[in-house]
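Peer 1: Got a structure for you, written out below as structure tokens; questions coming shortly.
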Amino acid sequence: MARTIGIIGNGVAAITATREIAHIDPSVKIEVFTDERHAYYPRPRLIDYIAGRVNEKDIIQYDQDWYEKQGAQLHLSEAAAKVDSQTRSIVTHSSTHSGFGAVLVGVGSYPFIPPIQGTDKRGVFVLRTLDDATIIRDSIRGAGQVVIVGGGILGVELAAAVREAGQEPVVVTNIDTLLPAQLDHNASGLLTKRLREMGIRVLMNYACKEITGGDRATGVVPTTGNSIAGDMIVVATGVKPNVELAKATGIGVGRGIIVDERMQTSVPRVFAAGDCIEWKGTYYGIIPVALESAKVAARNMLKPDSARYEGTIPSNTLQVAGIDLTSIGVFNPQTPEYESFVRTDAQRGTYLKVVTKDGTAVGGIAFGDRKFAVKLRGLVMNHKDLSRLKDAVFDAD
């Protein structure tokens, strides 16, 4: 059993593994290394911070005392460069830390910046850390129109936060839907309508080619169409798994850090979990996977071959612009073996969808209905047979 465990990263996977290790064996010493200067905070709350709903102190969920109670030493502002694959020593930019029986790589992901000219100008931002959020929050106060490039969760939530802060957001996306990874076309249309009612401009099929301006950004230019002026530009076009440390270590990578069902990498006793991993050729990048993979990794670091990861049904539960949204499993099928049942209530602003395969619930969407979201999750997770209920599923208890 490992008596000292090194954890690289300080996001959901790292925190979950720390908690799991401390719960199973409080005698194990844990060392956590992060390139950030803050203790753990949940990244989804960065939007609340930008909107002015919370301050910096409120957003920190676990302080140094919490780590100490877990038997963990937190190394802030100490980025790990690689793991020595022979000794399992963690090499940071300032020193080498050795003596680890096992190491967990939980370095997450980083913002993807598409090939748009001018992204290096002043006034162009990305959001990933609390420090990023502070800069964006402070810059919004003096801005007029804010252009947000990207129509995913982050782009839409940023737009709502900018609007709440009293400024004028414009969301531009190069496809014809918002939240394509969470909603189908119909639900996306309802969300777009709601955002526009809030005073948020949304431009579809707007492929941003260039950010204009000299040293400082002044707007964006599409491949076709009219340019848009902006006092600041936020690029929110998704993330990519962080694999640089794995490459430097000699760990096998694909799209992410490749792990087996134990969450072990190609290097013995070096594990990975969270948004940085690839499992059986699949990259998830969602919180449920970070939670589950971290627990499996923690158990196997303490006792080899004691836990197996069996996959996760993809799910997203969030609140965007005040709207409760849940999608789970297969929610936008494109092949005939699936059957979809839909109920829309224009007055309530809800859109409910259940997808079945061979009569069994395999996914769906709950837009604007938190109660049905709970029901939907139960149907899918329990593989409920709906062959008799069909669209009566919306009325059944």
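Residue numbers for the sequence shown, in our numbering: 663 to 1059. In this text, a Cβ means the ideal position worked out from N, Cα and C, and glycines have one as well.
Pick from I919, K902, V833, A1058: whose alpha carbon is nearest that of K909?
Peer 2: Among I919, K902, V833, A1058, the Cα nearest to that of K909 belongs to I919.
Peer 1: From Q726 to I669, what does the alpha carbon distance come to, in whole angstroms?
Peer 2: Distance between the alpha carbons of Q726 and I669: 16 Å.
Peer 1: Helix, strand or coil: which one does DSSP assign to L789?
Peer 2: Coil.
Peer 1: Three or more beta-carbon pairs under 8 Å between the stretch 736-744 and the stretch 804-821, yes or no?
Peer 2: Output reads no: the stretch 804-821 does not touch the stretch 736-744.
Peer 1: Which word fits R750, buried or exposed, when buried means at least 16 other C-beta atoms lie within 10 angstroms of its C-beta?
Peer 2: Flag for R750 reads buried.
Peer 1: Rounding to the nearest angstrom, what Cα-Cα distance links S928 and V1004 in this structure?
Peer 2: So the alpha carbons of these two residues sit roughly 45 Å apart.
Peer 1: Using CA coordinates, which residue listed in E826, E740, R790, T696 is at the minimum distance from G768?
Peer 2: The residue with the shortest Cα to Cα distance from G768 is T696.
Peer 1: Per DSSP, which one or two residues make a beta bridge with M894?
Peer 2: Beta-bridge pairing links M894 to V808.
Peer 1: Given a threshold of 16 other Cβ atoms within 10 Å of its Cβ, counted over all protein chains shown, does K1052 qualify as buried or as exposed?
Peer 2: Exposed, by the Cβ-count rule.
Peer 1: Decide if G1021 is buried, meaning its Cβ has at least 16 other Cβ atoms within 10 Å, or exposed.
Peer 2: Looking at its Cβ environment, which holds fewer than 16 other Cβ atoms inside 10 Å, G1021 is exposed.
Peer 1: Looking only at its own chain, which residues have a Cβ that is under 7 Å from the Cβ of A891, when we skip the five neighbours before and after it?
Peer 2: The answer, listed in chain order, is Q807, T880, G881.
Peer 1: Are the CB atoms of K744 and T911 nearer to each other than 8 Å?
Peer 2: Going by C-beta atoms, K744 is nearer than 8 Å to T911.
Peer 1: Pick helix, strand or coil for D1057, following the three-state DSSP scheme.
Peer 2: Residue state, collapsed to three classes: coil.
Peer 1: What residue range does the alpha helix (DSSP H) around P950 cover?
Peer 2: Element bounds for P950: 949-964.
Peer 1: Give me whichever residues DSSP pairs with H737 in a beta bridge.
Peer 2: Its beta-bridge partners are F695.
Peer 1: By alpha-carbon positions, which one of V832, T666, N978, A684 ends up nearest to C870?
Peer 2: The candidate whose alpha carbon is nearest that of C870 is V832.
Peer 1: Using DSSP's beta-bridge definition, name the partner residues of Y1013.
Peer 2: Y1013 is bridged to T1006, F1029.
Peer 1: How about the stretch 990-998 and the stretch 1011-1021: do they share at least three Cβ pairs that are nearer than 8 Å?
Peer 2: Output reads yes: the stretch 1011-1021 touches the stretch 990-998.
Peer 1: Check this for me: beta carbons of A713 and A823, under 8 Å apart or not?
Peer 2: Going by C-beta atoms, A713 is nearer than 8 Å to A823.
Peer 1: What are the residues that DSSP puts in a beta bridge with P831?
Peer 2: V808.
Peer 1: Can you tell me which of the three DSSP states N994 falls into?
Peer 2: Correct three-state label for N994: coil.
Peer 1: Between V674 and A952, is the Cβ-Cβ spacing less than 8 Å?
Peer 2: Cβ atoms of V674 and A952: closer than 8 Å.
Peer 1: In angstroms with no decimal places, state the Cα-to-Cα distance between H847 and S747.
Peer 2: So the two alpha carbons sit approximately 47 Å from each other.
Peer 1: Which residues bound the beta strand (DSSP E) around L840?
Peer 2: First-last for L840: undefined, no H or E at that position.
Peer 1: First and last residue of the beta strand (DSSP E) that includes E872?
Peer 2: Where E872 is concerned, the enclosing beta strand (DSSP E) stretches over 870-875.
Peer 1: Three-state secondary structure (DSSP) at T911?
Peer 2: In the structure shown, T911 sits in a helix (DSSP, three-state: H, G or I).
Peer 1: Check this for me: beta carbons of A849 and F1029, under 8 Å apart or not?
Peer 2: Cβ atoms of A849 and F1029: closer than 8 Å.
Peer 1: Is it buried or exposed, P930, if we count other Cβ atoms within 10 angstroms and call 16 or more buried?
Peer 2: P930 comes out exposed.
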